[in-house]
Amino acid sequence: MKVYTKTGDTGTTALFGGTRVPKDHIRIESYGTVDELNSHIGLIRDQEMNLHYKDILIEIQDRLFTVGAILATPPEKEVLKNGELRLQKLGIIESDVELLENEIDAMEASLPQMTHFVLPGGHTTVSYCHIARCVCRRAERLAVHLSHNEPVAEIAIKYLNRLSDYLFVLARKLSSDLNAGEVKWIPRK
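With the sequence shown counted from 1, adding 27 to any position gets you the numbering used here.
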């Protein structure tokens, strides 16, 4: 199988199921941003950190492939000709969201209560988390935008929402673990 197919040379691409759409279609923007997020999370995982965080990040990357597949499948292609669901063995389930919530709660238990907004930075790894958080929020916004035009599984949007929270708390936790110190935003008087 060749990497290049030349089928996109005219500015279109195929969705899951074969439907061709323009490369700037909101569905492409949506799952393309999830793919970008997955790459940023890979960059975070490549940093020196507790192995538990790396294991959770691998799980997240796996779930993001599923979110991407969900977003790449137009509603009319969700069911195969034989009546089976195209993504029957894939899916985001409530326990995926709960895993993120449990991880957030565990990290927050060891962190001081937030009293100010936190400026991104302090350490390269922490900055990578903040970049991934911002990309995750963009992916969520695009998935919500897509949902205004076509059905999108609510659990996929919920997962992205919780993931951005997880990435924010992970940034705070890594800042603490790395003794990077958080810089608090203080508004001008």
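Built from N, CA and C at the ideal position, the CB exists for glycine as well.
Item to check | 8 Å contact criterion, which L190 and C156 should meet: CB distance rounded | outcome: Incorrect: roughly 11 Å between the Cβ atoms, too far for contact.
Checklist entry - Which two residues bound the contiguous beta strand (DSSP E) that contains V145? => result Under the DSSP assignment, V145 falls in the beta strand (DSSP E) whose first and last residues are F144 to L146.
Checklist entry - Buried or exposed: which applies to G38, given that a residue is buried once 16 or more other Cβ atoms fall within 10 Å of its Cβ? => result exposed
Checklist entry - For S66, does the count of other Cβ atoms within 10 angstroms reach 16, so buried, or fall short, so exposed? => result exposed
Checklist entry - Quick one: what's got a C-beta closer than 7 Å to D123's C-beta in the same chain, skipping five residues either side? => result R90 and Y186
Item to check | C-beta contact flag for E209 and N188 at 9 Å | outcome: no
Item to check | Neighbourhood of N129 by C-beta distance below 8 Å, restricted to the same chain and skipping five residues each side | outcome: none
Checklist entry - Does DSSP classify K81 as helix, strand or coil? => result Taken through DSSP and simplified to helix, strand or coil, K81 comes out as helix.
Checklist entry - Which residue from I85, S174, G149 and L64 puts its Cα closest to that of K200? => result G149
Checklist entry - How would you label V30, buried or exposed, when you count the other beta carbons within 10 angstroms and need 16 or more for buried? => result exposed
Item to check | Exposure of G95, with buried meaning 16 or more beta-carbon neighbours within 10 Å | outcome: buried
Item to check | Residue from T152, L138 and K50 with nearest C-alpha to Q74 | outcome: T152
Next on the checklist: Since R54 and P101 should fall inside the 8 Å C-beta cutoff, what is the C-beta to C-beta distance between them, to a whole number of angstroms?
Outcome noted: 7 Å
Checklist entry - What first and last residue would you give for the alpha helix (DSSP H) that runs through Y193? => result E181 to D204
Checklist entry - So is H67 in contact with chain C if we call contact Cβ pairs under 9 Å? => result Among the chains in the structure shown there is no chain C, since it carries only a single protein chain.
Next on the checklist: Helix, strand or coil, according to DSSP, for T39 in the structure here?
Outcome noted: strand
Checklist entry - Near D204, what residues of its chain come up, given a Cβ to Cβ distance below 8 Å and the 5 sequence neighbours on each side ignored? => result Closer than 8 Å at the Cβ level, and outside the excluded window around D204, lie M76 and N77.
Next on the checklist: Only counting the same chain, and skipping five residues up and downstream in sequence, which positions put a Cβ closer than 8 Å to that of E121?
Outcome noted: I182
Item to check | Cβ-based neighbour list, R72, same chain, cut-off 6 Å, excluding 5 preceding and 5 following | outcome: K81 and L84
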